[in-house]
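Colleague: Each number in the working numbering corresponds to the 1-based position in the sequence shown with 7 added. Every residue gets a Cβ at the ideal spot worked out from N, C-alpha and C, and that includes glycine. Keep in mind it's a predicted model, so treat the numbers as computed, not measured. Structure incoming, see below.
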Amino acid sequence: MPFQWLTRPFYALLRFIMHEDDPEMRVFSKATDVTNASLLLRSLKENLPFLKDGLGNIIVTQVEYCKCRKGSAWEHEFLLVTLKELVGAKRRALLLVDRLMDDTKEYAEGQDGLLADIAKHQSEEIIEEATDSTDSNSVAESEPISLPQWATSSPFQSSGATLKRISKGDPPNALDRLIILPPNSSPTAIARELGNCLFDTLMTMDLTQSQTKVTLERFTHLLRTTSRNTPQYHYIFAQCYWYAYTIWRVLEIETQPRIVPKHGLVERQCSYSGYGKKVVLGKGKFVNMARSPETIKARWEAETPAEEQEWAEKKKPLDEAEERCRREAEGRRREAEGRHQAEAALRETQAYVRELERRLEASERPARSASAV
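Structure (C-alpha cells):
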C-alpha cells in the first residue's frame, strides 16, 4: 500500500536505478542494495562469477509473509526471502520484495466508495496482457509520462523534477522493489527500509524439503512476470497485497512447501482495516482471472524456455572458454606426459648402454691379462 515516505526523493531514486557491478554475484552484498527484478536479472546475466558458479546453485529456502502492524498508515505487505548457496562457501542472502506507488487514490465516500470500486472491477473485461516493452518493474525502463515542464536550475533539482514526473499519473506506475539486505539484518534494520514501520510475520514458507527447487534466477523471473502482468498500481486490485499474495501463492502451487502460520496473525493477510471494517483486497474474488496466481504461473512457465535459452546463450562463451582451457590443459598434460616418457626411455637406454659397456670391459679384462703373461 502507498506510503508517505515514498516521496524521499533524490537519494532513494538513485539507489533504485543505479548500482555498481558486484563481483560476488551481487546478492551476497554486505550492504543494502535497492533494485528490481528486471535490473537484477540483467546484471546477473553479465556477472561472470554468477554465470560460472551461481547459476542453478542459489535457491530459495524460506519465504516470510510480512505485514506492517495495525495502526500503521497502510498496513503494507511484503515478502522476506532467504536464499542459500548450494556450493562453495554456502552463503546466505536476504531479499525484501514489495510493491509501492508514488500516488494515492482517496476515497471521499469512505468504505462505500471503496466497495463500489471493487464491484466495478469485478465487472471488467479481461485486460490485455502487458507487453515486455511496458515493464513497470523498472522506473528506468518505463516510458516517461507527458506532464508540464518543470523549471530546474541545477542537476539536483532536475532529478527532483524527474521524480515528480514519474510519480504522477492516473493510474500511477507501480514501483516493484527488490531490496538485497545483509543476511543477518535485524527487524529494526528491515523496518528502516519501510519507513520505520514495525511489522509482523504472518506465516512462513519452508522450501527446504520441497522436491521442486526454485533458483534465484527463476524466482527473479517470477517477480518480473508478476510485475509485467499489471504495470500500474491500483488501490483495489494491483497493490502490495496482490503482489505479495500472488508471488506467495505461485510458489505454494509450484513447490508444495511446508507452511507455518502464526496464530492470530495469519488472518490479517490481504486485509485492510482503514475504514473501520476489515476489507479483503488483492486475492480471491477481489482479483479477476487475468491477474490471478494461476494466470501468472502459466505465463511464468510459458516464458521459461526462452529465459533458459537466454541464460544458455549468456553462459555459452564461458563454457566454450572453459572447454578451450580444459583442452589446452589436457594438451599440456599429454605433452608433459610424453616428455616424461621420452626422458624415461632415454634414461633406460643410457643405462642399458652403460651395462653393455661394463660387460664388454669385463670380458676384455681376462684376455688382456693372458696376453700380458
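Within 10 Å of its beta-carbon, does Ala-309 have 16 or more other beta-carbons around it, so buried, or fewer, so exposed?
Modeller: Within the sequence shown, residue 309 is the residue found at index 302, counting from 1. By the neighbour-count rule (16 or more Cβ atoms within 10 Å), Ala-309 is not buried but exposed.
Colleague: Go ahead and label Ile-260 buried or exposed: buried means 16 or more other beta carbons lie within 10 angstroms of its beta carbon, across all protein chains shown.
Modeller: Numbered from 1 along the sequence shown, position 253 holds the residue referred to as residue 260. Result: exposed.
Colleague: Can you give the beta carbon distance from Thr-227 to Ala-44, rounded, assuming they're within the 8 angstroms contact cut?
Modeller: In the sequence shown, counting from the first residue as 1, residue 227 sits at position 220. In the sequence shown, counting from the first residue as 1, residue 44 sits at position 37. Correct: roughly 5 angstroms between the Cβ atoms.
Colleague: May I have the straight-line CA-CA distance separating Lys-52 from Arg-339, to the nearest angstrom?
Modeller: Numbered from 1 along the sequence shown, position 45 holds the residue referred to as residue 52. Numbered from 1 along the sequence shown, position 332 holds the residue referred to as residue 339. In a straight line, the C-alpha of Lys-52 is about 32 angstroms away from that of Arg-339.
Colleague: One question on the structure: do Trp-307 and Thr-232 come within less than 7 angstroms of each other, judged by their Cβ atoms?
Modeller: In the sequence shown, counting from the first residue as 1, residue 307 sits at position 300. In the sequence shown, counting from the first residue as 1, residue 232 sits at position 225. Yes. Within cutoff.
Colleague: Quick check: the region 243-251 against the region 190-197, are at least 3 beta-carbon pairs closer than 8 angstroms?
Modeller: No: the two stretches stay apart, fewer than three of their Cβ pairs being nearer than 8 angstroms.
Colleague: Helix, strand or coil, according to DSSP, for Pro-179 in the structure here?
Modeller: On the sequence shown, position 172 is the one that residue 179 refers to. Residue state, collapsed to three classes: coil.
Colleague: Mind checking Arg-365: buried by the 16 CB within 10 Å criterion, or exposed?
Modeller: Counted from its first residue, the sequence shown places residue 365 at position 358. So Arg-365 counts as exposed.
Colleague: Per DSSP, which one or two residues make a beta bridge with Cys-75?
Modeller: The residue given as residue 75 occupies position 68 in the sequence shown. DSSP, once it has assigned bridges, lists Phe-206 as partnering Cys-75.
Colleague: Within 10 Å of its beta-carbon, does Ser-370 have 16 or more other beta-carbons around it, so buried, or fewer, so exposed?
Modeller: The residue given as residue 370 occupies position 363 in the sequence shown. Classification for Ser-370: exposed.
Colleague: Flag this pair as yes or no: are the beta carbons of Val-257 and Thr-211 separated by less than 7 angstroms?
Modeller: Your numbering for residue 257 matches position 250 in the sequence shown. Your numbering for residue 211 matches position 204 in the sequence shown. In this structure, Thr-211 does not lie closer than 7 angstroms to Val-257 by Cβ.
Colleague: How is His-83 classed by DSSP in three states: helix, strand or coil?
Modeller: Mapped onto the sequence shown, residue 83 falls at position 76. Note: His-83 maps to coil in three-state DSSP.
Colleague: Which residue or residues does DSSP assign as beta-bridge partners of Pro-268?
Modeller: Along the sequence shown, one-based indexing puts residue 268 at 261. Answer is Met-210, bridged to Pro-268.
Colleague: Please report how far the alpha carbon of Glu-136 lies from the alpha carbon of Ile-243, in whole angstroms.
Modeller: Here residue 136 refers to the residue found at position 129 of the sequence shown. Here residue 243 refers to the residue found at position 236 of the sequence shown. With a pLDDT of only 34 at Glu-136, under 50, the local geometry of the prediction cannot be trusted, and the value read off the model is given with reservation. Taking the straight line from one Cα to the other gives about 19 angstroms.
Colleague: Looking at the secondary structure, which residues open and close the alpha helix (DSSP H) in which Ala-196 lies?
Modeller: Here residue 196 corresponds to residue number 189 of the sequence shown, with the count starting at 1. It spans 194-199 - the alpha helix (DSSP H) in which Ala-196 sits, taken as one unbroken run.
Colleague: Going by the beta-carbon positions, is the gap between Lys-290 and Asp-207 smaller than 7 angstroms?
Modeller: By 1-based counting over the sequence shown, the position of residue 290 is 283. By 1-based counting over the sequence shown, the position of residue 207 is 200. No, they are not a contact pair.
Colleague: Once you ignore the five residues that flank Leu-182 on each side, which residues in its own chain have a CB closer than 6 angstroms to its CB?
Modeller: On the sequence shown, residue 182 is found 175 positions in, with the first residue counted as 1. Contacts found: Leu-107.
Colleague: Just to confirm my understanding: we take Arg-15, look at its own chain, exclude 5 residues before and 5 after, and list those with CB closer than 8 angstroms. What are they?
Modeller: Translated into positions along the sequence shown, residue 15 becomes position 8. Caution is warranted here: a pLDDT of 42 is assigned to Arg-15, below 50, making its placement in the model unreliable, and the coordinate value is therefore given only provisionally. If we look at Arg-15 and ignore the five residues flanking it on each side, it has no Cβ neighbours.
Colleague: Does the distance from the C-beta atom of Ala-100 to that of Leu-93 stay below 7 angstroms?
Modeller: Numbered from its first residue, the sequence shown carries residue 100 at position 93. Numbered from its first residue, the sequence shown carries residue 93 at position 86. Contact flag unset, no.
Colleague: With a threshold of 16 other CB atoms inside 10 Å of the CB of Leu-188, please say whether the residue is buried or exposed.
Modeller: For the purposes of this step, residue 188 is taken as the residue at position 181 of the sequence shown. Label assigned to Leu-188: buried.
Colleague: For Tyr-252, count neighbouring Cβ atoms within 10 angstroms of its own Cβ and tell me buried if that reaches 16, exposed if not.
Modeller: Reading the sequence shown from its first residue, position 245 is the one you call residue 252. Buried, since its Cβ has 16 or more Cβ neighbours within 10 Å.
Colleague: Would you kindly report the start and end of the unbroken beta strand (DSSP E) that includes Leu-107?
Modeller: Taking the first residue of the sequence shown as 1, we reach residue 107 at position 100. Looking at the DSSP string, the run of the beta strand (DSSP E) that includes Leu-107 is 99-107.
Colleague: Roughly how many angstroms lie between the CA atoms of Asp-29 and Arg-49, to the nearest whole one?
Modeller: Position 22 of the sequence shown, counted from the first residue, corresponds to residue 29. Position 42 of the sequence shown, counted from the first residue, corresponds to residue 49. In this predicted model, Asp-29 has a pLDDT of only 48, less than 50, meaning its place in the structure is not dependable; the value taken from the coordinates is given anyway. Cα to Cα, Asp-29 sits roughly 13 angstroms from Arg-49.
Colleague: Put Arg-334 into one of helix, strand or coil per three-state DSSP.
Modeller: Mapped onto the sequence shown, residue 334 falls at position 327. The answer is helix: DSSP assigns Arg-334 an H, G or I state.
Colleague: Which residue from Phe-35, Glu-330 and Asp-213 puts its Cα closest to that of Asn-191?
Modeller: On the sequence shown, residue 191 is found 184 positions in, with the first residue counted as 1. Closest option to Asn-191, Cα to Cα, is Phe-35.
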